[in-house]
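Asker: Below you'll find the structure I mean.
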Amino acid sequence: AGAVPVPVTLDQSGNGWSCDVDKIAAAITPRTKALFINTPSNPTGWTADKETLQAILDLARTKKLWIIADEIYALFHYGHGRAPSFLDIATAEDRILFVNSFSKN
């Protein structure tokens, strides 16, 4: 109760959508407790690559923040297999809550 979301928008260019991790860092305040990351994103289709996920995870580690990883659309990836995931790079000490759904998979 009392949480206030602070949106950080994706950047759009001729090459599609991208996430500027510096914009996420700039939005963090002493009251920030978690980062909510939605990838693959609906409706944009943006999917974080492993390097972006690592940069977000490094930021969360430095700031001692939770990551709420909404990976509901991970199997709707236009590549081989599933989309990149924090599961690929996280350690047991990382604070990550994964969100998924039976109805989307």
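Just so you know, we're using my numbering here: the sequence shown kicks off at 79 and counts up by one. Note that CB positions come from ideal geometry on N, CA and C, so glycine has one too.
Between S119 and the ligand ATP, is the CB less than 6 Å from at least one heavy atom?
Answerer: The ligand ATP is not among the ligands present in this structure, which contains no ligands whatsoever.
Asker: Round the Cβ separation of V99 and A133 to the nearest angstrom and send it over; I've been treating them as touching at under 8 Å.
Answerer: About 4 Å; that satisfies the 8 Å criterion.
Asker: Would you say I150 and F114 are within 7 Å of each other, going by their C-beta atoms?
Answerer: Going by C-beta atoms, I150 is not nearer than 7 Å to F114.
Asker: Quick check for students: name the residue ranges of the alpha helix (DSSP H) that lie wholly in the region 126–170, counting only runs of 4 or more.
Answerer: Counting whole runs of 4 or more residues, the region 126–170 contains the alpha helix (DSSP H) stretches 128–141.
Asker: For P83, is the classification buried or exposed, using 16 other Cβ atoms within 10 angstroms of its Cβ as the cut-off for buried?
Answerer: Its Cβ having fewer than 16 others within 10 Å, P83 is exposed.
Asker: Under 6 Å Cβ to Cβ from V86, same chain only, skipping five residues before and after it: list those, please.
Answerer: Hits under 6 Å: K101, I102 and A105.
Asker: Going by beta carbon distance, what residues of the same chain come within less than 8 Å of I167, once the five residues before and after it are set aside?
Answerer: So the qualifying residues of the chain are K128, L131, Q132 and L135.
Asker: State the beta-bridge partners of S225 as determined by DSSP.
Answerer: A query on residue 225 cannot be resolved here, the shown segment of the chain reaching from 79 to 183 and no further.
Asker: Could you tell me which of F180, D148, L153 and S96 sits nearest to I174, measuring between CA atoms?
Answerer: Here the closest residue by C-alpha is D148.
Asker: Which of the three DSSP states is assigned to I106 in this structure?
Answerer: Reduced to three states, the DSSP call for I106 is coil.
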